[in-house]
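Visitor: Numbering (my numbering), first residue to last: 61 to 203.
After the structure tokens below, expect a handful of questions from me.
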């Protein structure tokens with residue numbers, strides 16, 4: 061743990077922002093950096109359908125650009141001397157977070173208990189629960 065970064069996955073929700081405080085506290089305690097990860101869902105679609113005005117690839121790129129903007133705004137608000145890395149990936153949130161968490165560079169994951177609300181909360185897997193159950197490193201789930 062003392063030589064590996066803390067992974068903080070974010071969906072830019074208020075709950076995730078609350079978990080960031082714990083990630084910073086843990087990083088300061090262990091004198092390690094923080095890797096911030098945001099996963100953009102891969103849009104589904106058939107490019108042969110003429111309903112879409114843009115292709116799924118263009119939509120995904122637009123979503124990545126918006127995430128990058130949010131990431132820059134978040135970094136501008138952080139007041140810390142910690143080493144901060146940012147990663148934006150495309151795909152399934154659980155798969156991508158676990159891939160990052162199970163790399164040799166991560167010693168702990170600090171993740172919000174949930175970010176989705178309403179119907180989306182019931183239609184999607186609980187990301188924090190899956191990460192806590194399948195990550196090889198310690199996971200701190202923040203409510």
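Where a beta carbon is used, it is the ideal one built from N, C-alpha and C, also for glycine.
Here's a check: name, in chain order, each residue in its chain whose Cβ is nearer than 8 Å to the Cβ of residue 66, leaving out the five neighbours to either side.
Guide: One-based indexing of the chain shown puts residue 66 at position 6. So the qualifying residues of the chain are 83, 86, 87, 90, 92, 93, 94, 95, 166, 167, 168, 169, 170.
Visitor: On the CB-based measure, 16 or more other CB atoms within 10 Å of its CB, does residue 70 come out buried or exposed?
Guide: Taking the chain shown and counting its residues from 1, the one referred to as residue 70 is at position 10. The residue is buried, with at least 16 neighbouring Cβ atoms inside 10 Å.
Visitor: Output yes or no for whether 8 Å exceeds the beta carbon distance between residue 135 and residue 146.
Guide: Along the chain shown, one-based indexing puts residue 135 at 75. Along the chain shown, one-based indexing puts residue 146 at 86. A contact, by the Cβ cut-off of 8 Å.
Visitor: With the cut-off set at 8 Å, would you say residue 153 and residue 99 are in Cβ contact?
Guide: Locating residue 153 in the chain shown gives position 93, where the first residue counts as 1. Locating residue 99 in the chain shown gives position 39, where the first residue counts as 1. Against a cut-off of 8 Å, the Cβ pair of residue 99 and residue 153 comes out as a contact.
Visitor: In this structure, how does DSSP classify residue 98 when only helix, strand and coil are distinguished?
Guide: Counted from its first residue, the chain shown places residue 98 at position 38. In the structure shown, residue 98 sits in a strand (DSSP, three-state: E or B).
Visitor: Compute the distance between the beta-carbons of residue 172 and residue 76, then report whether it is under 8 Å.
Guide: Translated into the one-based positions of the chain shown, residue 172 becomes position 112. Translated into the one-based positions of the chain shown, residue 76 becomes position 16. The answer is yes: Cβ separation under 8 Å.
Visitor: Would you decide whether residue 203 is buried or exposed? Buried here means 16 or more other CB atoms lie within 10 Å of its CB.
Guide: Taking the chain shown and counting its residues from 1, the one referred to as residue 203 is at position 143. Looking at its Cβ environment, which holds fewer than 16 other Cβ atoms inside 10 Å, residue 203 is exposed.
Visitor: Helix, strand or coil for residue 186, going by three-state DSSP, please let me know.
Guide: Taking the first residue of the chain shown as 1, we reach residue 186 at position 126. Note: residue 186 maps to coil in three-state DSSP.
Visitor: Measuring straight from C-alpha to C-alpha, what distance separates residue 181 and residue 140?
Guide: Indexing the chain shown from 1 puts residue 181 at position 121. Indexing the chain shown from 1 puts residue 140 at position 80. Because the pLDDT of residue 181 is 47, which lies under 50, any placement of that residue in the model is unreliable, and the question is left without a value.
Visitor: Counting only the same chain and skipping the five closest in sequence on each side, list residues whose C-beta sits under 8 Å from that of residue 196.
Guide: As a working mapping, residue 196 is identified with position 136 in the chain shown. So the qualifying residues of the chain are 161, 162.
Visitor: Buried or exposed: which applies to residue 81, given that a residue is buried once 16 or more other Cβ atoms fall within 10 Å of its Cβ?
Guide: Locating residue 81 in the chain shown gives position 21, counting from the first residue. Its Cβ having fewer than 16 others within 10 Å, residue 81 is exposed.
Visitor: Can you tell me whether residue 114 is buried or exposed, with buried defined as 16 or more other CB within 10 angstroms of its CB?
Guide: On the chain shown, residue 114 is found 54 positions in, with the first residue counted as 1. Exposed, by the Cβ-count rule.
Visitor: Would you mind listing the beta strand (DSSP E) stretches within the stretch 123 to 186 that are 3+ residues and don't spill past its ends, in chain order?
Guide: Listed in chain order, they are 144 to 150, 166 to 172.
Visitor: So, helix, strand or coil for residue 191, using DSSP?
Guide: Within the chain shown, the letter at position 131 stands for residue 191. Residue 191: helix per DSSP, three-state reduction.
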